[in-house]
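Engineer: One structure is given below, represented as structure tokens, and several questions about it will come after.
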Amino acid sequence: MPTADLALPWKSQETQAAMTQPVDDLDLIRRLQAGDDDAVRDLYAQYGQRLYAYALRLTNDPATAEDITQNTLVTAWRTARTFRGEGRLIAWLLGIVHHTAMKAIRNSTNYLDDVAEETISEDQPSPEEQAQVKDERRWVRQGIQSLSSEHRAVLELVFYQELSLNEAAQVLNIPVGTVKSRLSYARNHLRGVLARTEER
Amino acid sequence: MNHEEQLIRYAANQLSENERAEFEQHLANCADCQTDLLLWKSVADEIHASNATVPAPVHLADSALEAIHAPSKLTRAFKSMTQLLRMQLLLIHNELWVGSAALMFIFLAMALLVARVEVLHFFVPIVAAGTVTLIYGSEHDPAAELTFATPISPWKILLARLTLVSAYNVFLALCATVGLLLILPPQALGELILGWLAPMTFLSALALLLSLWIGTSNALFISYTLWAAQYLALTSVGEWFAFLAPWLESYRQFWNDPALLFIFGFALVLFALWSAGREQVQWRRTIAL
């Protein structure tokens with residue numbers, strides 16, 4: 000969670016107190032629906048880091064991720080009434096992030112993710128780096144980054160956002176079977192990366 | 000549920016206590032699952048670690064609130080539109096407002112005197128077309144140079160002035176029409192309005208376009224001639240021109256067909272707006288010379 004809003008001078012004492020405790024989702028959504036400005040701040044304090052992390056994972060670009068996160072908060076505020084409480088609030092929010100990110104990616108002519116992926120494929124380790132390549136963290140990072148954004152999205156939703164496979168499917172707006180097949184693909188891909196790393 | 004899925008849920012801490020215990024029994028005897036578990040754990044660790052290095056910016060909630068409370072696009076567009084209209088209102092010659100009102104009053108008086116609606120039907124489009132030829136271009140705009148130097152596109156300036164003058168013309172014509180009710184029953188109001196509105200639209204659009212292309216006086220001459228031509232009585236010219244009669248009849252029908260007049264009128268306005276941008280280019284060239 001970000002420590003962003005810890006000391007905002009204009010906040011009332013009640014709000015500050017409320018923010019030190021986990022905010023109740025139902026209460027949060029009710030306040031959003033009622034048009035309470037502080038609900039947006041609390042929502043961000045509660046889920047901002049997760050939303051931003053997901054946006055960044057999809058776009059690989061901090062500036063775009065910021066825009067997406069901000070637009071997600073605006074959309075959440077404007078469409079709070081459509082949230083029926085059928086799923087978890089975080090899954091609904093991540094769905095908005097995903098939708099917003101996909102729109103941003105479609106609209107941008109030079110999609111940064113491709114640039115990033117190209118950079119990674121060109122980024123063959125230098126002799127000095129070769130020794131470090133076997134470092135576990137490094138091969139996993141390279142492996143994840145060399146996956147397409149849709150596969151990275153599934154990994155992020157399941158392993159970081161702690162969504163169930165069904166929730167991940169809802170966020171991505173795909174069948175749960177596709178979520179499973181993307182996970183299998185990611186596993187095989189990472190196994191391949193690992194095998195290549197060990198050969199070196 | 001197969002082991003692959005359970006393994007993922009196990010690695011992601013999503014199994015219940017019972018499921019967990021059950022799966023751990025399987026895990027103890029399955030080398031494949033153990034290898035994959037290590038892989039998924041590394042993935043989870045890496046994702047958590049990399050996300051921890053990129054804290055979300057602190058200002059996003061406040062910038063979102065700013066965006067939420069910012070005036071909508073529609074409000075902003077409306078504001079800039081009224082501002083443009085107010086600005087252009089100051090740049091249109093004052094004589095134009097007084098002159099067309101006076102003319103309209105005279106023609107209404109004439110119509111009432113001779114008790115004929117046709118007088119108004121004839122003169123309303125003439126007054127309207129006359130005024131729109133005077134709204135744009137270096138010939139009439141005392142601040143043309145400044146106008147062209149503003150960042151507002153010329154077509155927007157033209158549209159703003161056209162809107163103001165046309166709205167004024169329609170208002171005057173409506174007043175005159177109401178005046179006509181002194182000699183006509185109120186039921187005739189709709190037909191009376193349609194009688195001048197469509198020809199007025201087309202003739203004004205034509206005059207505006209021509210004024211942009213060939214100057215005000217030429218535009219007035221051509222459009223007034225075209226307007227008056229429908230009132231030609233061929234019999235007075237003689238039998239020699241009788242062959243023109245069917246053409247003239249079609250020509251008259253055109254001026255009496257509101258739908259056609261509106262469609263052509265709007266097309267001409269669009270064309271004129273497009274021309275406004277071109278005129279600016281020419282004007283810039285003149286300045287450069």
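As you go down the protein sequences, you meet chains A and B in turn. Numbering that gives the first Met the number 0 applies: residue 0 is where the first sequence begins, and numbers increase by one. Numbering that gives the first Met the number 0 applies: residue 0 is where the second sequence begins, and numbers increase by one. All residues carry an ideal CB built from backbone N, CA and C; glycine is no exception.
(1) Applying the criterion that 16 or more other CB atoms from any shown protein chain within 10 Å of the CB defines a buried residue, is residue 203/B buried or exposed?
(2) Check the Cβ of residue 36/A against every Cβ in chain B and list those closer than 7 angstroms, keeping chain order.
(3) Measure the CB-CB distance between residue 191/B and residue 176/B and report whether it falls below 8 angstroms.
(4) Alpha carbon to alpha carbon, how far is residue 32/A from residue 296/B? Give it in angstroms, no decimals.
(5) For the alpha helix (DSSP H) containing residue 165/B, list its first residue and its last residue.
(6) Report yes if the C-beta distance between residue 164/A and residue 157/A is below 8 angstroms; otherwise report no.
(7) Within the 8 angstroms Cβ cut-off, does residue 17/B reach chain A?
(8) If we define contact as Cβ-Cβ less than 8 angstroms, is residue 35/B a contact residue for chain A?
(9) Taking only beta carbons into account, state which residues of the stretch 44 to 55 of chain B come closer than 8 angstroms to chain A, listed in chain order.
(10) Give me the Cα-Cα distance between residue 112/B and residue 104/B, rounded to the nearest whole angstrom.
(11) Going along chain B, which residues have a C-beta under 9 angstroms from residue 68/A?
(12) Once you ignore the five residues that flank residue 260/B on each side, which residues in its own chain have a CB closer than 8 angstroms to its CB?
(13) Comparing the C-beta of residue 179/A with each C-beta of chain B, is any distance below 8 angstroms?
(14) Are the stretch 19 to 36 of chain B and the stretch 59 to 68 of chain B in contact at 8 angstroms, needing three or more beta carbon pairs?
(15) Do you know offhand how far residue 57/A's Cα is from residue 13/B's?
(16) Alpha carbon to alpha carbon, what distance is there between residue 184/A and residue 193/A?
(17) So residue 77/A and residue 60/B are in contact, right, with Cβ under 8 angstroms, and what is the actual spacing, rounded?
(18) With a threshold of 8 angstroms between beta-carbons, can residue 135/A be considered close to chain B, or not?
(19) Hey, is the stretch 93 to 100 of chain A in contact with the stretch 60 to 80 of chain A, meaning 3+ C-beta pairs nearer than 8 angstroms?
(20) Any beta-carbon of chain B closer than 8 angstroms to the one on residue 76/A?
(21) Whole angstroms are fine: how far does the CA of residue 251/B sit from the CA of residue 230/B?
(22) Rounded to the nearest angstrom, what separates residue 227/B and residue 103/A at their Cα positions?
(23) Among 88/A, 60/A, 143/A and 179/A, whose alpha-carbon lies nearest the alpha-carbon of residue 107/A?
(24) Along chain A, in chain order, which residues have C-beta atoms closer than 9 angstroms to that of residue 164/B?
(25) Rounded to a whole number of angstroms, what is the C-alpha to C-alpha distance between residue 201/A and residue 47/B?
(26) In angstroms with no decimal places, state the Cα-to-Cα distance between residue 212/B and residue 265/B.
(27) Which residue wins for smallest C-alpha separation from residue 38/B, given the options 9/B, 263/B and 54/B?
(28) Report the residue ranges of all alpha helix (DSSP H) runs contained in full by the stretch 163 to 190 of chain A; include only those spanning at least 4 residues, in chain order.
Structural biologist: Once the coordinates are examined:
(1) buried
(2) 64
(3) yes
(4) Limits of chain B in this structure are 0 at one end and 288 at the other, which puts residue 296/B out of reach.
(5) Per DSSP, the unbroken alpha helix (DSSP H) holding residue 165/B starts and ends at 153 to 179.
(6) yes
(7) no
(8) Yes - at least one Cβ of chain A is within 8 angstroms of the one on residue 35/B.
(9) Taken in chain order, the members of the stretch 44 to 55 of chain B whose beta-carbon sits within less than 8 angstroms of a beta-carbon on chain A are 44, 45, 46, 47, 48, 49, 50, 53, 54 and 55.
(10) 12 angstroms
(11) 55, 56, 59 and 63
(12) 197, 198, 200, 201, 253 and 254
(13) yes
(14) With a cut-off of 8 angstroms, the stretch 59 to 68 of chain B and the stretch 19 to 36 of chain B do not count as touching, because too few Cβ pairs lie within range.
(15) If you draw a straight line from the Cα of residue 57/A to the Cα of residue 13/B, it comes to about 23 angstroms.
(16) Distance between the alpha carbons of residue 193/A and residue 184/A is about 14 angstroms.
(17) Contact flag wrong, Cβ pair sits at about 15 angstroms.
(18) yes
(19) Contact between the stretch 93 to 100 of chain A and the stretch 60 to 80 of chain A is present, with at least three C-beta pairs closer than 8 angstroms.
(20) yes
(21) 8 angstroms
(22) 58 angstroms
(23) 60/A
(24) Simply none; closest approach about 40 angstroms.
(25) Given a span of 0 to 199 for chain A in the structure shown, any question on residue 201/A remains unanswerable.
(26) 17 angstroms
(27) The option with the nearest alpha carbon to residue 38/B is 9/B.
(28) 164 to 171
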